[in-house]
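Take 1 as the starting number for the sequence shown in this note's numbering and just add one per residue. Glycine included, each C-beta is placed from N, C-alpha and C at the ideal position. To start, the structure under review is shown below, and the notes come after it.
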Amino acid sequence: FMAKPIESYAGSGMHFHVSLQDDAGRNVFTEATGEKWSPKLLNALGGLIHTMAESMLVFAPHANSWRRFVSQSYAPVAPTWGVNNRSVALRVPAGDARNRRIEHRPSGVDANPYLVAATVLAGIVKGLDEGLDPGPETTGNGYEQPSERSTMPADWRAAIEAARGSDFLKSALGPDLHRTFVAIKQAEYLRVARTVSELDYHLYLHEV
């Protein structure tokens, strides 16, 4: 699988939909409180937003993954949320309250679905446990609005470093898997960085 197989087309995402039920089978993202949005939904969004930057190596694990994050491409470029908005990272789909859920959009088709699920669920748990605020809803074109939250890593290397120092990711994946995953990604990064590609010839031999 490749997240961005064709440069001139939008990439391939792996959008992850998640909702939560209580012991009685009720969707807790729709609990009636008199507010527009369930506090638990907002806290879940808050947890995902607060942990997104340090989790991006899970969602975009390869060099090619990062070519997918282009403005106006339906791939998110900032940790934002909105309702039925495909320019944000976390979309709350339109529909009846019974089916209220979060569509987590950062992951590419090349991500490991098991690690994505573990990381997303851990982010939601953190948000619920700590009552985290997701910030204001993004309306309109999210690509044209700066995020009030910390931005995502700029590239694959920055994502590796963010994951390496993440206590959250270490807890979500377990210390052994976290250490192994980061080490593998670091080795992969060095292999790509040291490989002389056709682009090197094009930029530095034929055009210089």
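| request: Could you spell out the range, first to last residue, of the beta strand (DSSP E) harbouring Val18? | output: Annotation: the continuous beta strand (DSSP E) that includes Val18 extends over 16 to 18.
| field | Ranges of the alpha helix (DSSP H) found wholly within the stretch 12 to 81, counting only runs of at least 4 | value | Listed in chain order, the complete alpha helix (DSSP H) runs (minimum 4 residues) inside the stretch 12 to 81 are 39 to 59.
| When the distance is taken between beta carbons, is Glu7 closer than 8 Å to Ser166? | Cβ atoms of Ser166 and Glu7: not closer than 8 Å.
| request: Grab me the residues of Ile160's own chain with a C-beta within less than 7 Å of its C-beta, minus the 5 sequence neighbours each way, in chain order. | output: Result list for Ile160: Leu57, Val182, Lys185, Gln186, Tyr189, in chain order.
| request: Provide the residue(s) that pair with Val83 in DSSP beta bridges, ordered along the chain. | output: Answer by DSSP bridge pairing, in chain order: Val92.
| field | Given 8 Å, three or more beta-carbon pairs between the stretch 110 to 123 and the stretch 36 to 43 | value | The stretch 110 to 123, when compared against the stretch 36 to 43, does not touch it at the 8 Å Cβ threshold.
| request: Would you kindly work out how many angstroms separate the C-alpha atoms of His17 and Trp81, rounded to a whole number? | output: Spanning the two alpha carbons is a distance of roughly 14 Å.
| Exposed or buried, Asn99, counting other C-beta atoms within 10 Å across all chains shown (16 or more means buried)? | Result: exposed.
| field | Contact check, Arg105 vs Ser19, beta carbons under 8 Å | value | Going by C-beta atoms, Arg105 is not nearer than 8 Å to Ser19.
| Shorter than 8 Å from the beta carbon of Thr80 to some beta carbon of chain D? | Absent from the structure is chain D; it holds one protein chain and no more.
| Per DSSP, the bridge partner or partners of Glu103 | Among the bridge pairs identified by DSSP, Glu103 is matched with His17, Arg91.
| said: Please classify Pro175 as buried or exposed, where buried requires at least 16 other C-beta atoms within 10 Å of its C-beta. | reply: It is exposed - the Cβ of Pro175 has fewer than 16 other Cβ atoms within 10 Å.
| field | Exposure label - Asp200; buried when at least 16 CB within 10 Å | value | Exposure of Asp200 is indicated by the presence of fewer than 16 other C-beta atoms within 10 angstroms of its C-beta.
| query | If you count every other CB in all the chains shown that lies within 10 Å of the CB of Lys36, and 16 or more means buried, which is it? | reply | So Lys36 ends up on the exposed side.
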